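Per this note's numbering, the very first residue in the sequence shown carries number 3; after that it's consecutive.
Think of the CB as a built atom: it goes at the ideal place given N, C-alpha and C, for glycine as much as any other residue.
Keep in mind it's a predicted model, so treat the numbers as computed, not measured.
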Amino acid sequence: MLCNIRKDVREAYGSRNSNDIVDIGVPYDGSWLTRGHTSNIGIGCVIDLLTGFVIDFEVMSKRCEECQQTKLALGEDTAEFHFWYEDHRDFCSITHVGSTGSMEVKAAIKLWEKSESIGFRYTSLLSDGDSKAFLELNERKIYGSQVEIKKEECINHVSKRLGTALRKTVKDWRVKGVTWVARSMVA
């Protein structure tokens, strides 16, 4: 299914050749199975700006149920477990080791690194204001030193931050005894 969608996205940009690498703008965001920074499962998702199609995603997991069950049955420090794990390693569900908060950045790195193999370069990143993934991608120079990934701010997130800042300013001034009066109320 993703292959057909990717073909449609390439065609939307005027590319009919499946060997072409098309530079596109994408929103990227990550999410977790549970709120907070304790989730064992997260996902990063890349969506084409022009078509709105999901181009790729990366599931990150800090847990493997099969490993957990086998550790209980054999014991984690036994030779049997280590022998079993050597055969299991390539099929293990654990795709992330580290903090839950770093899953979004690690997923972005994986998605950007494999983007050219699916025919795209994500050269413009529409962001929700969290720039950790953006900064890491540019620091790594995913597409080489000649291609810089640009960051675009999502207007909804910008307006939300602006509104929050304005409400805080009004509250701070009210504490000081200053009140705000709408112009339509002034005679």
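Less than 8 Å between the C-beta atoms of residue i and residue j, yes or no?
| i | j | result |
| --- | --- | --- |
| Val149 | Arg176 | no |
| Thr97 | Val48 | no |
| Val11 | Phe59 | no |
| Glu106 | Gly44 | yes |
| Gly121 | Arg18 | no |
Consult DSSP for residue i and reduce its assignment to one of helix, strand or coil.
| i | result |
| --- | --- |
| Ile45 | strand |
| Lys152 | strand |
| Thr166 | helix |
| Arg18 | coil |
| Thr40 | coil |
| Ser33 | strand |
| Val28 | strand |
| Thr53 | coil |
| Ser119 | helix |
| Thr181 | coil |
Please report the distance separating the alpha-carbon of residue i from that of residue j.
| i | j | result |
| --- | --- | --- |
| Ser129 | Ser33 | 14 Å |
| Cys66 | Ser104 | 18 Å |
| Lys73 | His90 | 12 Å |
| Leu139 | Asp79 | 37 Å |
| Phe83 | Ser95 | 16 Å |
| Lys170 | Asn21 | 52 Å |
| Ile111 | Val172 | 40 Å |
| Thr125 | His39 | 29 Å |
| Ile57 | Gly77 | 41 Å |
| Ala135 | Val24 | 21 Å |
| Ile144 | Lys178 | 50 Å |
| Ala167 | Asp50 | 31 Å |
| Val99 | Val180 | 51 Å |
| Glu13 | Lys116 | 20 Å |
| Ala81 | Ala109 | 33 Å |
| Thr36 | Ser133 | 22 Å |
| Cys5 | Asp92 | 24 Å |
| Met3 | Asp174 | 53 Å |
Can you tell me which of the options puts its alpha carbon nearest to the alpha carbon of residue i?
| i | options | result |
| --- | --- | --- |
| Val28 | Arg18, Thr53, Ile7, Asp10 | Thr53 |
| Ser41 | Arg91, Cys5, Thr102 | Thr102 |
| Glu141 | Trp114, Glu13, Ile120, Ala167 | Trp114 |
| Gly146 | Gly100, Glu118, Met3, Val56 | Glu118 |
| Tyr30 | Ser133, Glu154, Leu127 | Leu127 |
| Ile68 | Asp174, Gly179, Tyr87 | A small fix is needed here, since residue 68 is Glu in this sequence, not Ile. Measuring from the Cα of Glu68, the nearest candidate turns out to be Tyr87. |
| Ser63 | Gly46, Lys153, Leu76 | Gly46 |
| Lys152 | Asp174, Tyr15, Ile26, Phe85 | Ile26 |
Taking 8 Å as the CB-CB cut-off, is residue i touching chain B?
| i | result |
| --- | --- |
| Leu137 | The displayed structure is made up of one protein chain only, and chain B is not part of it. |
In chain order, each alpha helix (DSSP H) run of at least 4 residues that lies wholly inside the stretch 56-114: 67-76, 81-90
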